[in-house]
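Only one structure is covered here, and it is reproduced in the block below.
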Amino acid sequence: MVQQIKNVAVIGSGLMGSGIAQVTAYAGFLVTLVDIKKEILEVALKKMEERVLKEAKEKFNGNEQSQRKFVQDVIQRIRITTDVESAVSNADLVIEAIVENLEIKQRLFQKVEAIAPSHCILATNTSSLKLSDIGKYLNRKSQFGGLHFFTPVPKMQLLEVVQTSDTSESTLEALKWFGNKIEKVVVICKDTPGFIVNRLLIPYMSESMALADRGVASIEDIDTAVKLGLHFPIGPFELADFIGLDIALSIQNGSREHYPEEYNKLPHSKMLEKLVSEGNLGRKTGKGFYDYRSKL
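Residue numbers for the sequence shown follow the working numbering, so the first one is 1 and each next one is one higher.
If you want it as structure tokens, here you go:
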């Protein structure tokens, strides 16, 4: 029998965390969203409400009463707080979506484990760190696993459910059940650097950027070649702009730092590093490999 999950705590209210909270509330779960400052949480909640309203308008075209009810039903399931203790004290599932820093994640999970109910499942949304490293100091390693979402969470169908060598079958089944309840397509992966998607994505994007750095082809022609030659829906530079160049660089650097034997042979992109240093981070800032400012 799959463990019952009703109350979910999401720690981190950035783009990923707020997206996870949103789809979790959509599915009828009670959600507590946690961050370090009330102002950050209020902004996240406002953006979630805007996204839910947009969804409601598409779902109930012209019916304002149904739109308002839909938004109200979703948003009222979300509570915001800066108090980690109160957020996890009655949680059945805790999902961490904070900065990609190993030590910070380790400390957070130690704190959460000490407070959360004994049945609570702990999950990380890390995109580049090994789960066994993050959960190194946990006592209940069997109740720890990975839920790797993709951005933007409400629109992306895929969810990588990651298991360590210590993750119990009951925990794995509960994470799969949760993924299905929030209407994601679940794939299962062992605990390996980058899991499935990023393990394939990082070398692909690194080599694409190296081609541009060496002047082999323009970014426009590389994107076109990938879309038409490989039948990908989006090119590597368009994808990097969509993800956020700071995030793309962080994933690449973090992978090299923590797993040098796996990733150090990949080329560094001077173009990517220059854009990030200039604050040109892609679509979210209006400029990255491409210029989006006229479309904002």
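For every residue, glycine included, the Cβ atom is placed at its ideal position computed from N, Cα and C.
| Item | Value |
| --- | --- |
| Simplified DSSP state of Phe195, which is helix, strand or coil | coil |
| Between the CA atoms of Val162 and Leu201 - distance to the nearest angstrom | 17 Å |
| Which listed residue (Ala210, Tyr137, Asp223) has its alpha carbon closest to that of Lys265 | Ala210 |
| Within 9 Å, strictly: CB atoms of Gln143 and Met205 | no |
| Where the beta strand (DSSP E) through Ile98 begins and ends | No beta strand (DSSP E) holds Ile98; DSSP gives it neither H nor E. |
| The region 71-85 touching the region 19-34, judged by at least three CB pairs closer than 8 Å | yes |
| Start-end ranges of the beta strand (DSSP E) lying completely within the region 170-234, minimum 3 residues | 185-190 |
| First through last residue of the beta strand (DSSP E) which encompasses Asn7 | 7-11 |
| Proximity below 9 Å, CB of Glu96 to CB of Asn125 | yes |
| Per-residue burial, Gly194 [other beta carbons within 10 Å of its own, 16 or more giving buried] | buried |
| C-alpha distance - Lys274 paired with Lys287, whole-angstrom precision | 13 Å |
| Test item: CB-CB of Phe29 and Ile11 under 9 Å | no |
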